[in-house]
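Going by our numbering, the letters in the sequence shown line up with residues 6 to 190, in that order.
The C-beta atom is built at its ideal place from N, Cα and C for all residues, glycine as well.
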Amino acid sequence: MSARTTPSATVGPYLAIGLTWDDGPSAVEPGTPGAIWLRGRVLDGAGEVVPDAMVETWQADPDGRFDHPDDPRGARARPGFRGFGRSHTDSGEYAVCTLKPGRVPDGEGGLQAPHVDVSVFARGLLDRVVTRIYFADEAEANAEDPVLRSVPADRRGTLIAQPTDDGYRLDIRLQGDGETVFFAL
């Protein structure tokens, strides 16, 4: 028997072990008024779908409040709103049912545009990658958002979801041409 090189520990492809979430892709209870779907594909550098990634979302409710004790305005969220969802990409697509978030304080006296914080876990990644989803129909708020303004103008489109019949759509590209902007946290 000879010694062979073993692969490095990466995030995937065993996402179902320990990373499942009972409510899965539902950040709101079924039947919640105003629920929307956030959908898209997770793509690799060659533009191929990643069939075994996981997209995790965390966000404020439509009033701009987080269901979390660290919200400085006091933890309070709309009934049925959890603010957290996880979607596996079995077919390369993620889908999270949620409510469109409201604006949240930016820490400097202003407001951030409505957005959803997103973590992507996938094989080959040594750690998650973190991005945001903004909304195309929030152009005025997007123009004021300090985080979005910090992104080069030619890359901002990688963070802006387009409206669909039942929500919004944004593909997440892990690398290559049109790579999604990721943030170092």
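Determine which residues share a DSSP beta bridge with residue i and list them.
i	result
Pro38	None, per the DSSP bridge assignment.
Gly192	Nothing in the structure corresponds to residue 192, since the chain is present only between 6 and 190.
Glu61	Arg91, Ser124
Ala100	Arg44
Arg178	Leu48
Arg137	Asp122
Phe86	Val33
Glu54	As written in the sequence, residue 54 is Val, which differs from the Glu given in the question. DSSP, once it has assigned bridges, lists Leu48 as partnering Val54.
Span of the beta strand (DSSP E) holding residue i?
i	result
Ala166	165-169
Ala32	Where Ala32 is concerned, there is no enclosing beta strand (DSSP E), given that its DSSP letter is neither H nor E.
With distances taken Cα to Cα, identify the nearest neighbour of residue i among the options.
i	options	result
Gly69	Leu104, Val55, Tyr99	Leu104
Tyr139	Asp170, His120, Leu190, Pro110	His120
Ala127	Val152, Val47, Gly39, Thr37	Val47
Pro106	Glu98, Gly112, Trp42, Arg154	Trp42
Leu130	Asp72, Leu179, Gln64	Leu179
Does the beta-carbon of residue i have 16 or more other beta-carbons within 10 angstroms, so that it is buried, or is it exposed?
i	result
Thr10	Because the pLDDT at Thr10 is just 49, under 50, the model does not fix this residue reliably, and the value given afterwards should be weighed accordingly. It counts as exposed.
Gly45	buried
Glu143	buried
Arg84	Here the sequence assigns Pro to residue 84, which means Arg is not the residue at that position. Exposed.
Ala51	exposed
Leu190	exposed
Ala14	Any answer about Ala14 is weak, because its pLDDT of 49 lies below 50 and its placement is not dependable; what the coordinates show is given next. Flag for Ala14 reads exposed.
Thr185	buried
Ends of the alpha helix (DSSP H) at residue i?
i	result
Leu153	151-154
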